[in-house]
Amino acid sequence: MSQQLTEKSDVYSFGVALLELITARAPIERGKHMVRLVAETIYDLKDNTILYQLIDLRIGPASKLKGVDKLFTLAMRRVNESGAERPSMGEAVKEIEGILELASLNKYTVY
Numbered sequence: 341m342s343q344q345l346t347e348k349s350d351v352y353s354f355g356v357a358l359l360e361l362i363t364a365r366a367p368i369e370r371g372k373h374m375v376r377l378v379a380e381t382i383y384d385l386k387d388n389t390i391l392y393q394l395i396d397l398r399i400g401p402a403s404k405l406k407g408v409d410k411l412f413t414l415a416m417r418r419v420n421e422s423g424a425e426r427p428s429m430g431e432a433v434k435e436i437e438g439i440l441e442l443a444s445l446n447k448y449t450v451y
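Heads up, the sequence shown is in this note's numbering, so the first residue is 341 and it goes up one at a time.
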C-alpha cells in the first residue's frame with residue numbers, strides 16, 4: 341500500500357465500513373484485519389452458508405434479509421487488494437439503489 345489517500349482508498353474504507361455493519365466485527369480483531377478474517381472465512385467455507393456464519397444476527401436472520409447477500413458482495417468487491425479492481429463509489433451508489441429496490445425499501449426518491 342502506498343499510504344496515500346485516493347478515491348480507491350476511500351472505496352476500500354467504504355467496504356470496510358459495510359463489513360463492520362454486516363458482521364459487527366471491529367476493523368482489527370485478534371491482531372488481524374477484519375477484511376482478512378472475513379476473506380479467510382469465505383475461503384474456508386466455500387459454500388452458501390457463508391452469510392449465516394458472518395452476519396450479525398442482531399440485524400436479523402440472513403435468510404429473511406432481502407439483498408443482504410448482494411450488500412455483502414458489494415462490500416467484498418470494495419475491499420479488493422488491488423485498487424484498480426475496486427469499483428468506483430458511483431458504481432457503489434448504483435448497486436445500493438438496486439439492492440434497495442430489490443428489498444422494496446426504496447419508497448421515496450432522494451435527490
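In this text, a Cβ means the ideal position worked out from N, Cα and C, and glycines have one as well.
Just so it is clear, the structure is predicted and the values come from calculations on it, not from any experiment.
- Closest in alpha carbon position to Ser353, among Glu441, Glu380, Val419, Glu435, is Val419.
- DSSP places Glu369 within a strand segment (E or B) once states are collapsed to three.
- Assignment of Asp350 by DSSP, reduced to helix, strand and coil, places it in the helix class.
- Closest by C-alpha distance to Leu397, out of Lys410, Thr346, Ala364, is Ala364.
- Counting the other Cβ atoms within 10 Å of the Cβ of Val351 gives 16 or more, which makes it buried.
- Ranked by Cα distance from Leu394, the first of Ala432, Gly423, Glu360 is Glu360.
- In the three-state scheme derived from DSSP, where H, G and I count as helix and E and B as strand, Arg426 is classed as coil.
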